[in-house]
Structures are given as C-alpha cells and as structure tokens.
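Quick note: the sequence shown uses the numbering used here, first residue 131, plus one each step.
Think of the CB as a built atom: it goes at the ideal place given N, C-alpha and C, for glycine as much as any other residue.
One structure below.
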Amino acid sequence: MKRTRAQIKAVDPVMRRGRRTLVVTALAALALAACGSERPDHSEGRGKSVDAVSARSDAAFIKMLDEVARECPPPGTKRDSPASPDGEAPTAPVEPPPGATVEPPPGGAVEPIAPTAGPEAELDAHDWCAGVQHEQRVAEAVLQLKQPDPTQVRKVLNGLGYIDERIHDLKRSGAVTTFLIDLRDKGGRLCLDGTANGELTEVDACVAPTDGAIASANIHRRS
C-alpha cells in the first residue's frame with residue numbers, strides 16, 4: 131500500500147530505523163556495483179586469446195615454409211641461366227619426347243631444370259625451388275584421397291601445415307575439386323594451383339600478384 135506523508139509522520143520512530151536500513155542496503159548495492167565494474171573484461175581476454183592462437187598458427191606456417199625450402203637459395207635470389215662455353219650460344223633444355231622414360235642421374239635424385247619462359251620464369255630462384263618441393267608434398271598427400279571433396283582436401287592441407295587463411299578457391303565442380311594455396315613470403319610471389327578427382331591429381335606452381343588478395347582470376351598459371 132502506498133503511504134501518504136501523514137502516515138509516515140505517525141510512525142516516525144519506526145521509519146527512522148527503516149530509513150537507516152534502506153541507507154545501509156543502498157550503500158551495499160553501490161559497493162557491489164562498484165566491484166562489478168572493476169571486474170576484468172572477459173570478452174577482451176577472449177579476443178586476445180584468439181589473436182594469440184592466430185599468431186601461433188602464422189608462426190607455425192612460416193616455420194613450415196622455411197623447412198620445406200631449407201635447401202633452396204635465399205629469397206630474392208635471381209635465377210641465372212647456366213653458363214655456356216665461350217663462343218657457344220646458350221641452348222634451351224632438351225625436353226624428352228612424349229612417353230619417353232627419363233633416367234635419373236646417379237644417386238636416384240632428379241635435378242629439375244628451371245624454366246626460361248612462361249609464368250614460372252617470373253619466380254625467383256627461391257620461389258621456383260620451393261615450388262617444386264610444395265608441388266610434390268601436396269600432390270602426394272591429396273592423391274591418397276579416393277573421393278577428394280573440399281572438406282577432405284582442406285583437412286589434408288591443414289595436416290601438411292597449410293593454414294586456412296592461405297587456402298583459397300577450394301570448391302568442387304562435378305567430380306573435380308580445385309584449390310589455390312598462397313605461399314607468398316618475404317616478397318615472393320609463389321602460389322600453388324591444384325585439381326583432384328580421385329584418379330588424377332595435378333598441383334602446379336603459379337605466380338600470385340605482388341600483394342593483395344589471391345584468386346583464380348589473378349594468378350599466372352603454367353601454360
């Protein structure tokens with residue numbers, strides 16, 4: 131029931147005690163509110179946690195790039211054509227005829243020959259060398275998938291150390307899954323262009339833009 135002013139005056143001694151109680155209660159409520167305002171912002175902490183996870187992921191990715199290219203020339207190294215004997219014009223590498231078997235050199239290793247024309251010629255010595263290594267490791271892993279849908283391909287790429295932020299245009303068209311991997315690092319322009327359908331897997335080095343986003347429409351593919 132709502133009290134009038136006259137009623138409050140009539141029970142003044144009792145109300146004085148009630149007012150003291152109300153004052154104490156109000157002060158306690160203010161103290162609790164103040165304590166609550168001093169609590170740490172957990173949402174900010176969560177944001178920092180996400181940033182820390184992302185930083186660790188990026189660091190692991192860069193470490194993987196360095197490991198794959200550990201035997202390659204330093205970034206920015208220009209590719210030089212092999213020196214020719216004095217008085218002789220340089221010759222292009224001889225490609226074996228279709229269907230021919232290439233005999234590996236002693237020791238079993240095949241020494242790749244750097245292209246002198248086409249998109250891959252735009253890559254420096256480091257990126258070209260690293261591209262050969264990435265092509266092999268990705269192709270071998272994806273080839274193990276019997277039905278390589280985008281989910282399975284992403285899982286395989288993540289397992290190799292390629293993070294989601296560097297995987298683009300991962301999609302399926304019919305039985306074929308395509309993907310791009312951005313491998314640009316330390317000023318390089320390397321990327322990988324891949325297709326897989328369970329029977330045939332092709333992974334080729336490609337040339338990405340100097341900066342900005344990477345997509346199927348703005349890379350230079352092997353012709």
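Residue range of the unbroken beta strand (DSSP E) whose run includes residue i
{"i": "residue 301", "result": "297–303"}
{"i": "residue 310", "result": "306–312"}
{"i": "residue 324", "result": "320–326"}
{"i": "residue 331", "result": "331–337"}
Candidates the options, of which the one nearest residue i by Cα
{"i": "residue 205", "options": "330, 316, 346", "result": "316"}
{"i": "residue 334", "options": "261, 184, 348", "result": "261"}
{"i": "residue 345", "options": "279, 264, 202, 310", "result": "310"}
{"i": "residue 338", "options": "304, 197, 296, 331", "result": "296"}
{"i": "residue 331", "options": "195, 199, 267, 187", "result": "267"}
{"i": "residue 197", "options": "259, 271, 209", "result": "259"}
{"i": "residue 193", "options": "304, 347, 292, 210", "result": "292"}
{"i": "residue 195", "options": "290, 207, 271, 208", "result": "290"}
Same chain only: Cβ atoms within 6 Å of residue i, ignoring 5 sequence neighbours per side
{"i": "residue 275", "result": "282"}
{"i": "residue 153", "result": "The predicted model places residue 153 with a pLDDT of 47, which falls under 50 and marks its position as unreliable, so this point remains unresolved."}
{"i": "residue 182", "result": "none"}
Pairwise C-alpha distance: residue j and residue i
{"i": "residue 329", "j": "residue 302", "result": "15 Å"}
{"i": "residue 326", "j": "residue 306", "result": "6 Å"}
{"i": "residue 319", "j": "residue 277", "result": "31 Å"}
{"i": "residue 284", "j": "residue 321", "result": "16 Å"}
{"i": "residue 299", "j": "residue 280", "result": "10 Å"}
{"i": "residue 340", "j": "residue 257", "result": "13 Å"}
{"i": "residue 265", "j": "residue 313", "result": "11 Å"}
{"i": "residue 254", "j": "residue 191", "result": "21 Å"}
{"i": "residue 210", "j": "residue 269", "result": "28 Å"}
{"i": "residue 286", "j": "residue 308", "result": "14 Å"}
{"i": "residue 187", "j": "residue 273", "result": "25 Å"}
{"i": "residue 189", "j": "residue 294", "result": "14 Å"}
Boundaries (first-last residue) of the alpha helix (DSSP H) holding residue i
{"i": "residue 265", "result": "255–272"}
{"i": "residue 281", "result": "280–289"}
Same chain, Cβ closer than 7 Å to residue i, neighbours up to 5 away in sequence not counted
{"i": "residue 323", "result": "310, 334, 336, 349, 351"}
{"i": "residue 184", "result": "none"}
{"i": "residue 342", "result": "none"}
Residue i at chain D interface by Cβ criterion, 8 Å
{"i": "residue 305", "result": "Note that chain D does not occur in the displayed structure, where there is just one protein chain."}
Own chain residues within Cβ distance below 8 Å of residue i, not counting five before or after
{"i": "residue 263", "result": "198, 199, 202"}
{"i": "residue 208", "result": "254, 255"}
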